[in-house]
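The sequence shown runs 7 to 413 under our numbering. For every residue, glycine included, the Cβ atom is placed at its ideal position computed from N, Cα and C. Bear in mind the structure is a predicted one, so any value in this text is a computation, not a measurement. Before any comments, here is the structure.
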Amino acid sequence: MNRTEGGVTAAKGFLAASTAAGIKYEGRADMAMIYSGRPCAAAGTFTTNVVQAAPVKWDKRIVQESEAVHAVVVNAGIANACTGEEGLSYCKQTAQAAAGLLGISADAVCVASTGVIGQQLPIGRITDGVAAMVPKLHAGQKAGREAARAIMTTDTHEKEAAVSFEAGGVTVTVGGMCKGSGMIHPNMCTMLSFLTTDAAISKELLQEALRADVADTYNMVSVDGDTSTNDTVLLLANGAAGNPVITEKNADYEAFCRALNEVNTSLAKQIAGDGEGATALFEVRVVGAKSKEDARILSKAVITSNLTKAAIYGHDANWGRILCAMGYSGVQFDPERVDLFFESAAGKLQIIKNGVALDYSEETATKILSEKEVAAVADVKMGDCCATAWGCDLTYDYVKINADYRS
7 MNRTEGGVTA AKGFLAASTA AGIKYEGRAD MAMIYSGRPC AAAGTFTTNV
57 VQAAPVKWDK RIVQESEAVH AVVVNAGIAN ACTGEEGLSY CKQTAQAAAG
107 LLGISADAVC VASTGVIGQQ LPIGRITDGV AAMVPKLHAG QKAGREAARA
157 IMTTDTHEKE AAVSFEAGGV TVTVGGMCKG SGMIHPNMCT MLSFLTTDAA
207 ISKELLQEAL RADVADTYNM VSVDGDTSTN DTVLLLANGA AGNPVITEKN
257 ADYEAFCRAL NEVNTSLAKQ IAGDGEGATA LFEVRVVGAK SKEDARILSK
307 AVITSNLTKA AIYGHDANWG RILCAMGYSG VQFDPERVDL FFESAAGKLQ
357 IIKNGVALDY SEETATKILS EKEVAAVADV KMGDCCATAW GCDLTYDYVK
407 INADYRS
């Protein structure tokens with residue numbers, strides 16, 4: 007498996023475009039489109055929030071009922087959430103506008119929105135944006151990168167990833183783009199992720215692969231503990247690579263799953279590291295757990311602890327906060343067997359052994375925790391299962407950004 011340049015246009019047959027529709031932002035693109043002339047098998051996972059945005063409702067139906075998907079239209083600035091039947095009608099109008107220009111069915115178009123909750127979309131600007139993007143659809147890396155930039159809200163940079171691998175004697179590519187910075191919490195977040203592959207694979211296995219991988223990637227990310235109304239991950243497969251269609255869980259399917267995980271892990275870490283106001287990506291690895299689920303719960307408890315996140319911001323090796331978070335997670339373990347390490351590009355340091363602090367150097371610990379990517383590794387010595395979660399530090403700027411988000 008090889009990392010490749012690009013993102014959503016890295017796979018064969020996928021085009022992208024973006025435009026400045028003036029939905030909320032001035033002086034920047036705020037709409038994006040992904041398109042494949044070949045029909046795509048589609049898979050999706052969506053927010054677990056009971057309050058679900060209109061695009062989530064639209065896309066759930068499209069993924070479940072449509073024979074094929076050709077396009078995705080995305081806007082940033084307004085979430086089209088809590089907008090009633092009017093908001094749902096705007097999803098249909100957006101899809102119809104794209105369908106008419108692309109010569110496809112409206113049921114072959116997914117839509118997605120991100121931004122402020124409760125406001126209605128300026129549908130005229132949305133449909134004008136669709137019309138502006140169709141002639142600009144292009145397969146190059148630049149088009150993909152600009153599309154990734156167009157879907158940002160409080161993100162500080164575009165987020166892309168792509169890998170290639172061999173299946174059935176041909177090269178297959180999986181690529182993607184995402185956005186996410188705030189309102190981020192396990193069970194997905196204010197994140198939109200759009201994944202493309204030129205693999206030929208059945209719709210059923212595509213959905214199974216995506217659902218399983220989301221559990222170990224996007225569902226292991228948290229910035230602030232808020233699960234959004236708009237979370238959407240869409241995966242489109244157009245079969246342009248020409249590999250034998252993957253219809254069973256064979257070696258090609260396993261290779262596809264590894265590639266999908268590589269892309270989603272990269273995107274998930276990019277979301278966590280770009281948390282609103284964040285200065286550091288905070289990774290927590292729990293090893294030696296009795297079960298995979300225990301490891302997931304323990305690692306997520308630590309990355310969602312505001313006290314721990316504040317300590318990471320202060321480069322403070324306050325390990326008691328980590329052990330405390332693990333203790334209230336609901337998982338049973340023996341705290342007097344836990345070993346804890348901090349590590350980063352500056353080195354690795356054991357902080358506690360069998361639940362008791364070692365005579366470590368605070369200066370060394372501070373140096374390790376001052377890097378842009380830091381990790382805590384907890385060995386609970388209860389079994390052989392492990393899990394990794396990603397978060398970020400909690401800074402003053404997080405409050406500043408969210409105090410005036412609508413203005």
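Tell me, to the nearest whole angstrom, how far the beta carbon of Val380 is from that of Ala286; I am working on the premise that it is less than 8 Å. Residue 380 sits at position 374 when you count from the first residue of the sequence shown. Residue 286 sits at position 280 when you count from the first residue of the sequence shown. Their Cβ separation, rounded to whole angstroms, is 6 Å, which keeps Val380 and Ala286 in contact under 8 Å.
inquiry  = Among the candidates Leu108, Asn86, Asp322, whose CA atom is the shortest distance from the CA of Ala60?
reply    = By one-based count along the sequence shown, residue 60 stands at place 54. For the residues Leu108, Asn86, Asp322, the minimum Cα distance to Ala60 belongs to Asn86.
### Message
Would you call the segment 152–168 in contact with the segment 29–40, where contact means no fewer than 3 C-beta pairs closer than 8 Å?
### Response
They touch, by the three-pair rule.
Review point. DSSP on Val42, reduced to helix/strand/coil?
Key: Taking the first residue of the sequence shown as position 1, residue 42 is located at position 36. Reading the sequence as shown, one finds Ser at residue 42 and not Val. Strand at Ser42.
Rounding to the nearest angstrom, what Cα-Cα distance links Gly175 and Asn249 in this structure? On the sequence shown, residue 175 is found 169 positions in, with the first residue counted as 1. On the sequence shown, residue 249 is found 243 positions in, with the first residue counted as 1. Whole-angstrom Cα-Cα distance: 7 Å.
Margin query: Can you tell me whether Gly93 is helix, strand or coil according to DSSP?
Written below: Taking the sequence shown and counting its residues from 1, the one referred to as residue 93 is at position 87. The answer is helix: DSSP assigns Gly93 an H, G or I state.
task = Could you round the C-beta distance between Ile328 and Gly353 to whole angstroms and report it? I think they count as a contact, below 8 Å.
result = Locating residue 328 in the sequence shown gives position 322, where the first residue counts as 1. Locating residue 353 in the sequence shown gives position 347, where the first residue counts as 1. With a beta-carbon spacing of about 18 Å, Ile328 and Gly353 fall beyond the 8 Å limit used to define contacts.
Original post:
The beta strand (DSSP E) spanning Lys165 covers which residue range?
Top reply: In the sequence shown, the residue the question calls residue 165 occupies position 159. If you look at Lys165, you'll find it in the beta strand (DSSP E) that goes 165–173.
Query raised in the report: Counting Cβ pairs closer than 8 Å, one from the segment 143–155 and one from the segment 42–60, do we hit at least three?
Result: no
Discussion item. Classify Glu73: buried if its beta carbon has 16 or more other beta carbons within 10 angstroms, exposed otherwise.
Written reply: The count along the sequence shown starts at 1 and reaches residue 73 at position 67. Flag for Glu73 reads exposed.
| request: Could you check how far apart the C-beta atoms of Lys298 and Ser228 are, in whole angstroms? I think they sit under 8 Å. | output: One-based indexing of the sequence shown puts residue 298 at position 292. One-based indexing of the sequence shown puts residue 228 at position 222. Incorrect: roughly 18 Å between the Cβ atoms, too far for contact.
request  = Starting from the Cα of Ala168, find the closest Cα among Asp399, Ser199, Val122, Gly186 and give me that residue.
outcome  = Here the question's residue 168 lines up with position 162 in the sequence shown. Closest by alpha carbon: Ser199.
Problem - Whole alpha helix (DSSP H) elements within the segment 192–226, 4-residue minimum - result: 209–222
- Task: Provide the residue span of the beta strand (DSSP E) that contains Ser305, from first to last.
- Result: Your numbering for residue 305 matches position 299 in the sequence shown. Taken as a continuous stretch (DSSP letters only), Ser305 belongs to no beta strand (DSSP E), being part of the alpha helix (DSSP H) at 298–309.
message = Let me confirm a value: Thr202 is counted as buried when at least 16 other C-beta atoms fall within 10 Å, else exposed. Which label applies?
response = Numbered from its first residue, the sequence shown carries residue 202 at position 196. Burial call: buried.
Whole angstroms is fine: what's the gap from Glu92's alpha carbon to Gln126's?
-> Counting from 1 along the sequence shown, the entry for residue 92 is found at position 86. Counting from 1 along the sequence shown, the entry for residue 126 is found at position 120. Rounded to whole angstroms, Glu92 to Gln126 spans 8 Å at the Cα level.
| request: Tell me where the beta strand (DSSP E) around Phe347 begins and ends. | output: Taking the first residue of the sequence shown as position 1, residue 347 is located at position 341. Run containing Phe347: 345–350, per the beta strand (DSSP E) assignment.
Beta-carbon within less than 8 Å of Arg131's beta-carbon, same chain only, minus the 5 sequence neighbours each way: which residues are those?
Stepping through the sequence shown from its first residue, residue 131 is reached at position 125. So the qualifying residues of the chain are Ala27, Gly28, Ile29.
| request: Starting from the C-beta of Arg264, find all residues in its chain whose C-beta is less than 8 Å away, skip the five residues before and the five after it, and write them out in chain order. | output: Locating residue 264 in the sequence shown gives position 258, counting from the first residue. Counting only Cβ-Cβ distances below 8 Å, and skipping sequence neighbours, we find Met7, Phe171.
- Is Asp322 helix, strand or coil when you go by DSSP? As a first step, residue 322 must be located in the sequence shown, where it is residue number 316. Here Asp322 sits in coil by DSSP.
**Prompt:** The alpha helix (DSSP H) with Thr394 in it runs from where to where?
**Reply:** As a first step, residue 394 is located in the sequence shown; it is residue number 388 there, counting from the start. Here Thr394 belongs to no alpha helix (DSSP H); instead the beta strand (DSSP E) covers 391–398.
**Asked** How many whole angstroms separate the CB atoms of Gly182 and Val269, which I take to be in contact at a CB cut-off of 8 Å?
**Response** Here the question's residue 182 lines up with position 176 in the sequence shown. Here the question's residue 269 lines up with position 263 in the sequence shown. Between Val269 and Gly182 the Cβ distance is about 5 Å, and since that is below 8 Å, they are a contact.
Item to complete: Express the C-alpha separation of Arg155 and Asp403 in angstroms, rounding to a whole number.
Response: What you label residue 403 is simply residue 397 of the sequence shown in a count that begins at 1. What you label residue 155 is simply residue 149 of the sequence shown in a count that begins at 1. If you draw a straight line from the Cα of Asp403 to the Cα of Arg155, it comes to about 22 Å.
- Task: Alpha carbon to alpha carbon, how far is Val362 from Gln338? Give it in angstroms, no decimals.
- Result: Residue 338 sits at position 332 when you count from the first residue of the sequence shown. Residue 362 sits at position 356 when you count from the first residue of the sequence shown. For Gln338 and Val362, the gap between their C-alpha atoms comes out near 18 Å.
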